[in-house]
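A.B. asks: Quick one: this structure, given as structure tokens, is what I'll be asking you about.
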Amino acid sequence: MGLKKWKPTTPGLRHAVWPDYSELTKKEPEKSLVEPLHRRFG
């Protein structure tokens, strides 16, 4: 897992480092774990 560094556009971001979760997460959720919301509108 890598670290994400930011360009220091403000003094608060000068030494800011966040974890990069791109290796751990997928872009879309797992289809078998997702169920639709059944709502009635109107």
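Numbering (the numbering used here) for the sequence shown: 1156 to 1197.
Yeah, the Cβ is synthetic: ideal placement off N, Cα and C, and Gly gets one too.
Would you kindly report the start and end of the unbroken beta strand (DSSP E) that includes W1173?
C.D. replies: Residues V1172 to D1175.
A.B. asks: With DSSP as the reference, label L1179 as helix, strand or coil.
C.D. replies: Residue state, collapsed to three classes: coil.
A.B. asks: Would you list the residues sitting across from K1118 in a DSSP beta bridge?
C.D. replies: The chain is shown only over 1156 to 1197; residue 1118 falls outside these bounds and no answer can be derived.
A.B. asks: Let me know the secondary structure DSSP gives P1166 once reduced to three states.
C.D. replies: Three-state result, P1166: helix.
A.B. asks: Can you tell me which of the three DSSP states L1188 falls into?
C.D. replies: Three-state DSSP puts L1188 in a helix.
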